[in-house]
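K.L.:
Dumping the structure here so I can ask a few things about it.
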Amino acid sequence: MLSNTSFKTGEDFYHRLNFLFNLLVATPLLPFAVLYLLSIKDQIPDVGLSGVVKIVTTIILSIAAVVIATKAVMDYRNQKLQFDPAAPLRKKLIRLHEALIQKFLWLEVASFLSILGLWLSQHKIHIVVFVIILVIFSLKRPAIKMFVEDLKLKENESRILRNKELIE
């Protein structure tokens, strides 16, 4: 998948994943901020959708964003249950990396659907959906503690990550 196996320490692994996380959180913020500011003044350019089409667009894009965000969280939880506790630390981290990237990308898709919905329908529900997705994104941001808990690492593996030791 998109996994990068070139990390040497837990700190290196954390920084690479955290950079990607921050990039994916920041990417939709600019278009959202522009549309939000325009929506406050009711100045979002009208794309010509009629009343019924706007309502259907609002419903479909809102539900799609919520379903995709829920899928991202549920898939990640299911993948966590499948991590092999007997695997070497590097393999566990690679699997975690893949699972988190997949979760982040699905949340990114959901956030852009809410932005698209705000632009097309100009309905404020998309602002609420976007903020909820941003909160979901932020609840489990990458951290060494999160890696230890999600992988259910043994004490010696946890120490390797915390003490910035080389990962074999």
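Taken in order, the sequence shown gives residues 0 to 167; the numbers are from numbering that gives the first Met the number 0.
Beta carbons: idealized from backbone N, C-alpha and C, even for Gly.
(1) Can you check whether the CB of Ala109 is closer than 7 angstroms to the CB of Ala64?
(2) Comparing alpha-carbon positions, which option in Leu150, Glu107, Asp74 lies nearest Val24?
(3) Nearest to Ile132 by alpha carbon, out of Glu148, Ile114, His122?
(4) For Thr26, I'd like the list of residues in its chain whose CB is within less than 8 angstroms of its CB, leaving aside the five on either flank, ordered along the chain.
(5) Taking the alpha-carbon positions, what's the Leu92 to Thr69 distance?
(6) Going by the beta-carbon positions, is the gap between Lys163 and Thr56 smaller than 7 angstroms?
(7) With a CB to CB cut of under 6 angstroms and the five nearest residues on each side skipped, what residues in its chain are close to Ile135?
(8) State the DSSP-derived secondary structure class of Thr57, mapped to helix, strand or coil.
(9) Decide if the region 42 to 54 is in contact with the region 111 to 125; the criterion is three or more beta carbon pairs, one per stretch, under 8 angstroms apart.
(10) Going by beta carbon distance, what residues of the same chain come within less than 8 angstroms of Gly50, once the five residues before and after it are set aside?
(11) Based on the DSSP secondary-structure assignment, which residues constitute the bridge partners of Thr8?
(12) Does DSSP put Met0 in a helix, a strand or coil?
P.N.:
The structure says:
(1) Residue mapping note: residue 64 aligns to position 65 of the sequence shown, counting from 1. Residue mapping note: residue 109 aligns to position 110 of the sequence shown, counting from 1. Closer than 7 angstroms, so yes.
(2) Within the sequence shown, the letter at position 25 stands for residue 24. Checking every option, the nearest Cα to that of Val24 belongs to Glu107.
(3) Walking along the sequence shown from the start, residue 132 turns up at place 133. Residue Ile114 is the option with its Cα nearest to Ile132.
(4) Position 27 of the sequence shown, counted from the start, is the residue given in the question as residue 26. Closer than 8 angstroms at Cβ, skipping near neighbours: Glu107.
(5) Position 93 of the sequence shown, counted from the first residue, corresponds to residue 92. Position 70 of the sequence shown, counted from the first residue, corresponds to residue 69. Between Leu92 and Thr69, the C-alpha separation is close to 23 angstroms.
(6) Stepping through the sequence shown from its first residue, residue 163 is reached at position 164. Stepping through the sequence shown from its first residue, residue 56 is reached at position 57. No, they are not a contact pair.
(7) The residue labelled residue 135 in the question sits at position 136 within the sequence shown. Closer than 6 angstroms at Cβ, skipping near neighbours: Ala68.
(8) As a first step, residue 57 is located in the sequence shown; it is residue number 58 there, counting from the start. Helix, per DSSP.
(9) yes
(10) Residue 50 sits at position 51 when you count from the first residue of the sequence shown. Excluding sequence neighbours, Gly50 sits near nothing in its chain.
(11) Within the sequence shown, residue 8 is the residue found at index 9, counting from 1. Its beta-bridge partners are Leu165.
(12) Here residue 0 refers to the residue found at position 1 when the sequence shown is read from its first residue. Note on Met0: pLDDT 46, under 50, position unreliable in the model; the coordinate value appears next. In this structure, Met0 counts as coil in the three-state DSSP scheme.
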